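Contents: one structure, followed by commentary.
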Amino acid sequence: MNPRGRYAVVGVGNTAYGKLAGRSAMSLSVEAVRNALADAGLRPADVDAVLTKAPTSNFTMLWSAQVAQAVGIVPQVTATLDQAGASNIGLVGYAMWCIETGQCHTAVIVYGDNPATGSRATYARPRGEGAAYGMFGVPPWYALIAQRHMHEYGTTSEQLGAVAVACRKHAAMNPGAQFQSPITLEDHHASRFVAEPLRLLDCCPISDGAAAIVVTSAERASGMRKPPVYVLGIGQGHPAWDVPYRSTLTTSGAATSGPMAFRMAGITPADVDVAQLYDCFTIVPIVTLEDYGFCAKGEGGAFVEQGRIALGGALPLNTSGGLLGETGMPGMQLIVEGVRQMRGECGGRQVPDARICVVSGQGGVMTTHATLVLGKEVP
Amino acid sequence: MATDVTERPAPDVDEENAGYWDSLRRHELALQRCADCGRFWSPAGSFCRWCLSDRWSWERVSGRGTLYAFTVVHQVYHPAFREAAPYPAAVVELEEGPRLLATVDCAPRELRVGMALEVGYRDLPEGFTLLAFRPVTGGTR
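Which chain is which? The protein sequence lines are G and C, in order.
Position 253 of the first sequence, counting from 1, maps to 250 under the working numbering, and the rest follow consecutively.
Position 79 of the second sequence, counting from 1, maps to 99 under the working numbering, and the rest follow consecutively.
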């Protein structure tokens, strides 16, 4: 059975993003759920599944059960999924399965965290033997990938910069974004190296905030407060092995995840009107665009140049600013923006007549990947 | 006196990888090799990465390899690296197949993917030894 169009997102909500001192991951999560339920026109009692990605700053057991308690829901299903930044899309898949099999009918999926003002131990922790060699945090590992991509395909720092410029341009059109000022390629080039070839403006910030979505069956979705946004396709692919040991650094899980989701949706990249691609570092959307088939392998750098990924270009990318511009939150904001684009709610940053949006999530150091194809209607 | 006594974080040595770290201490790089399928693997584990056999032994490798990927880290994440920054970190592909995390003993600007390397070692005052590969003059493999 092809699940295309059988499930829909009927509510989205988020908090402010940035440095939110004094706000706990739980407090932020509850606010996002409250906003998503209000958007859907639902009460907590209308929801019977609470699904979470664990806060990275606060790994704790049974997090989804704790969130259910705090929002006053006694659910049929709780679950916390650990696919890092791919978890939010992974949880959409789990929600679809639980609805399909009658275990629940309406799920809220929420991610909230406060690594900017709370603990960021997870982000700074040494990874295995890495610390002994000075490989701390996340950027040096992505730097290995970026450098290898440059070696194999001639990708340039200017091309990485084009991703940051587009995301910051879009963020400046989003009143809710953390970064309100656009940047130029010169700003990118002038920013200091963090780990060569990655400069500061190649890296997303570490941010506090939360976002949530409500997923239900297409039958239930019709007649709700907002028009449903349909799940047309979903996929995942997990290279899994640590960076030094995986077979390639320049092809990611997107290479299997994307085609899987596109096949389910019955579309090709040419059918996609707008894309929200995970951009913790500028190299990532470049690799994802290649792996999804928007261009040939190695041509992602050229693809993002000449304004092609800016609003008004052939494929507007990360229209709310993405991780690089809206907030460094690991991925839920991309689904939220995808839904808003399909509803036509995005004001000055709305892509005209957008009917199909692809969203990606990925976690670790391109360790996991998930793809979600959203549609304004079921083609 | 403002002496920096901060130590580099030591690798986590456990029952599975002790053979690897001991081989570095002896300056005789060794990896696990499967007695059934003959292949080497890294990082260390109790079963062959390729056929899940538990018949294996630590075997010395050639020490010859090429630079697979590198970065030059500028950000000071840890006080022990303050003076070293910017410093290189690398993934080296051994002639035998496995890739290893390592550093390379050369100026960062001389690093090139594909450059030929030979194994070297850096004994640290903290009491452990790291892999520090050296460029092979004029070599690209």
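Glycine included, every Cβ here is placed at the ideal spot set by N, Cα and C.
All values reported here derive from a predicted model rather than from experimental measurement.
Around the CB of residue 303 (chain G), fewer than 16 other CB atoms lie within 10 Å, so the residue is classed as exposed. For residue 135 (chain C), there is no enclosing alpha helix (DSSP H); the residue is part of the beta strand (DSSP E) that begins and ends at 135 to 138. At a cut-off of 8 angstroms, the C-beta of residue 109 (chain C) has a neighbouring C-beta in chain G. Against chain G, the beta carbon of residue 150 (chain C) has neighbours under 7 angstroms at 129 and 130, listed in chain order. Spatial neighbours of residue 115 (chain C) in its own chain (CB-CB distance under 7 angstroms, excluding positions within 5 residues in sequence) are listed in chain order as 82, 84 and 85. Here residue 71 (chain G) is exposed: its Cβ has fewer than 16 other Cβ atoms, across all protein chains shown, within 10 Å.
At least one beta carbon of chain C lies nearer than 8 angstroms to the beta carbon of residue 246 (chain G).
Assignment of residue 289 (chain G) by DSSP, reduced to helix, strand and coil, places it in the helix class. Annotation note: the stretch 36 to 101 of chain G contains the following uninterrupted alpha helix (DSSP H) runs of length 4 or greater, listed N- to C-terminal: 60 to 67 and 84 to 97. Proximity to residue 212 (chain G) across G:263, G:221 and G:134 peaks at G:221, based on C-alpha coordinates.
At a Cβ-Cβ threshold of 8 angstroms, residue 109 (chain G) and residue 52 (chain G) count as neighbours. Contact note: residue 148 (chain G) reaches chain C through 89, 132, 133 and 134, using a C-beta cutoff of 9 angstroms and chain order. Boundaries of the beta strand (DSSP E) around residue 108 (chain G): 103 to 110. Those residues of the stretch 278 to 302 of chain G placed with their C-beta closer than 9 angstroms to a C-beta in chain C do not exist. Membership of residue 232 (chain G) in the beta strand (DSSP E) is indicated by the continuous run 226 to 233. DSSP places residue 62 (chain C) in the coil class of the three-state scheme, outside both helix and strand.
Using a Cβ-Cβ cut-off of 9 angstroms, residue 63 (chain C) is close to 125, 126, 239, 241 and 242 of chain G, given in chain order.
Residue 41 (chain C) counts as buried, since at least 16 other C-beta atoms from the protein chains shown sit within 10 angstroms of its C-beta. For residue 185 (chain G), the enclosing alpha helix (DSSP H) starts and ends at 182 to 187. Spanning the alpha carbons of residue 292 (chain G) and residue 130 (chain C) requires a straight line of approximately 33 angstroms. Proximity of residue 31 (chain C) to chain G, defined by a Cβ-Cβ separation below 8 angstroms, is satisfied. For residue 239 (chain G), the three-state secondary structure derived from DSSP is coil. Restricted to the stretch 56 to 117 of chain C, not a single alpha helix (DSSP H) segment is unbroken, complete and at least 4 residues in length. Contact annotation: the stretch 96 to 105 of chain G touches the stretch 36 to 46 of chain G, with at least three C-beta pairs closer than 8 angstroms. Around the Cβ of residue 346 (chain G), a 10 Å sphere holds 16 or more other Cβ atoms; the residue is buried.
Between the stretch 356 to 363 of chain G and the stretch 72 to 81 of chain C, the count of Cβ pairs shorter than 8 angstroms is below three; the stretches do not touch. The count of Cβ pairs closer than 8 angstroms, one atom from the stretch 250 to 263 of chain G and one from the stretch 284 to 298 of chain G, reaches three, so the stretches are in contact. Proximity of the stretch 262 to 272 of chain G to the stretch 38 to 53 of chain C falls short of the contact definition, fewer than three beta-carbon pairs being nearer than 8 angstroms. Here the alpha carbons of residue 92 (chain C) and residue 255 (chain G) stand approximately 32 angstroms from one another. Nearest C-alpha to residue 231 (chain G) among G:141, G:115 and G:370: G:370. DSSP places residue 146 (chain G) within a helical segment (H, G or I) once states are collapsed to three.
The straight-line gap separating the alpha-carbon atoms of residue 98 (chain G) and residue 132 (chain C) is approximately 54 angstroms.
Taking a C-beta distance under 8 angstroms as the contact criterion, residue 227 (chain G) and residue 237 (chain G) do not qualify as a contact pair. Residue contact with chain C for residue 89 (chain G): absent (no Cβ-Cβ distance below 8 angstroms to any residue of chain C).
The three-state secondary structure of residue 217 (chain G), taken from DSSP, is helix.
The stretch 194 to 213 of chain G and the stretch 23 to 40 of chain G touch, with three or more beta-carbon pairs separated by less than 8 angstroms.
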